[in-house]
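Following: one structure in structure tokens, then a few remarks.
In our numbering, the protein residues as written are 228 to 765.
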């Protein structure tokens, strides 16, 4: 299994970094993923207990024929990487029976795509055999747990007298619906069982409509989607909303719960394809400094994120902003206002993440170039946001920022005593300790709280959410319950100037003082000269 080197030109790298990428560059990334699978297969053969499997002889025979790129592109599909990686990361690398069968099914599937006749015996203790990207044989009642899979160049068959063939179904040209692959449970979300025919047909119709929409309205993203999206994995519907996900070891696969319309699915494809494209790029180059273990604020999450995850989020959410940038001009009425809000919000989120990543020591030289190109793309987009929507985005961001910092900034006991002592003695605020980000204060990641959602809805509806509480009201509320994150966010919105900045940027300091009985607004005013000085020095 020979593997050739892969790379990108500087121009191709810059184009991809800015969110795009032409067909040649993206085909190159996809081909590099095939080479990665070949290298992983080579290691599986060398170091695991699968080295003597007869499937290798069939794979060797296919590869010795120098198969065309189309055959290699189907080398087991997205989950070959995942299957191999799981084996190689396991201590001892001992394969399970299911993993042994997967190798045999993979070899058979590659041979069928290459139109290479074969006969292959494999274990089938559970009565089922899966061929990645093609389908599954079930119910063959094979003798002694063995099954013979054969292919004569035209017909694929088995020796099981009652065997049923269940094919993977097409979603669109070059895209499959896969509700069969045993490795598709890798996304951290429950996958569906086999979809009924009517549901699969409806999903395929939506997929084709979404791809047409991307071709027509999002042509700059179309090459990315075409190169990175090969398999659609249906997920179980969550209790509320929808969910989509991709995986760094499953290039080509996008998992999603049932989309409601073509536009929603198009947004999902732009978002997840951006993740897949960046995963593929990161297999070729290092963008994050290997020694950087710092944790950062991602505006769209409530948990601290390492730099690699923040980079992924910035890049994928830039694609989300790109979707809404166009969509807001294709629709009218309240939906258009909602689209304008989403554009402003996600562009702001991505820009802030890029700013965070641009700090010294976070990225490699190539990484710095990457985020500079991404920033150039975001900054070059139109800034024509209505003032009330812009205000709603700012307020929503303030709420989520305060919530995040209350959850994830921790003040040491000695730091808390020093602040409280200085205040009690009527001394000026001492130099502030640097923010200390601690992962795990709140275990589960979550999106913004209810207050942020209310502000969003009010901005979209062009109305005032509710009469905001006064500073005095919020002081009383927080003295009664210093842990009220929503009240802290409202206080940041109610205050002005450096005091507002204090609550927005270091609410944990104000909360520490409030816990001793100091009025929060007074604590913010006492701390605020430190923030005013920082602001003046910028």
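Virtual Cβ for every residue (Gly too), placed ideally from N, Cα, C.
Check: For residue 518, the nearest candidate out of 750, 534, 706 and 257 (CA to CA); Outcome: 534
Check: Cβ distance (whole Å) where residue 509 is taken to contact residue 256 below 8 Å; Outcome: With 8 Å as the limit, residue 509 and residue 256 do not qualify as a contact, their Cβ atoms being about 10 Å apart.
Check: Assigned secondary structure, residue 243 (DSSP; H/G/I helix, E/B strand, else coil); Outcome: helix
Check: Coarse secondary structure for residue 504, derived from DSSP in three states; Outcome: helix
Check: Touching by the beta-carbon criterion (3+ pairs, under 8 Å), the segment 263 to 271 and the segment 303 to 312; Outcome: yes
Check: Local conformation of residue 731 per DSSP, three classes; Outcome: helix
Check: Selected residue, minimal CA-CA separation from residue 576, among 545, 584, 592 and 597; Outcome: 545
Check: Proximity below 8 Å, CB of residue 286 to CB of residue 337; Outcome: yes
Check: Residue 347, enclosing beta strand (DSSP E) - first and last residue; Outcome: 345 to 350
Check: Residues near residue 497 by beta carbon distance below 6 Å, same chain, minus five either side; Outcome: 448, 546 and 550
Check: Distance, residue 553 Cα to residue 428 Cα; Outcome: 28 Å
Check: Beta-carbon gap between residue 601 and residue 514 smaller than 8 Å; Outcome: no
Check: C-alpha distance - residue 714 paired with residue 247, whole-angstrom precision; Outcome: 41 Å
Check: Under the three-state DSSP convention, the category residue 471 falls into; Outcome: strand
Check: Collapsed DSSP secondary structure at residue 748 in the structure displayed; Outcome: helix
Check: Straight-line gap, residue 622 to residue 234 (C-alpha atoms, nearest Å); Outcome: 43 Å
Check: 8 Å Cβ cutoff met for residue 473 and residue 511; Outcome: no
Check: Own chain, CB closer than 6 Å to residue 662, minus 5 neighbours either side, in chain order; Outcome: 636
Check: DSSP bridge partner residues for residue 461 (one or two, in chain order); Outcome: 483
Check: Pick from 538, 588 and 644 that is closest to residue 580, judged by C-alpha positions; Outcome: 538
Check: CA-to-CA distance, residue 418 to residue 492, given in whole angstroms; Outcome: 17 Å
Check: Per-residue DSSP class, three states only, for residue 445; Outcome: coil
Check: Euclidean distance between Cα positions of residue 486 and residue 357; Outcome: 27 Å
Check: Nearest residue (CA-CA) to residue 584, options 392, 599, 571 and 606; Outcome: 599
Check: Residue 348 versus 365, 361, 386 and 489, residue with shortest Cα-Cα distance; Outcome: 386
Check: Three-state secondary structure (DSSP) of residue 585; Outcome: coil
Check: CB of residue 258 within 8 Å of CB of residue 327, strictly; Outcome: no
Check: Burial state of residue 556, where buried means 16 or more other Cβ atoms lie within 10 Å; Outcome: exposed
Check: Beta-carbon proximity check, residue 459 vs residue 470, cutoff 8 Å; Outcome: no
Check: Exposure of residue 396, with buried meaning 16 or more beta-carbon neighbours within 10 Å; Outcome: buried
Check: Cβ shell of residue 410 (< 6 Å), same chain only, five flanking positions each side left out; Outcome: 306, 309 and 310
Check: Continuous alpha helix (DSSP H) assignments of at least 4 residues falling wholly in the segment 350 to 435; Outcome: none
Check: Residue 230 - DSSP class collapsed to helix/strand/coil; Outcome: coil
Check: Residues near residue 620 in its chain [Cβ-Cβ closer than 8 Å; skip 5 each side]; Outcome: 568, 571, 572, 575, 612 and 686
Check: Residue 390 beta carbon less than 8 Å from that of residue 366; Outcome: yes
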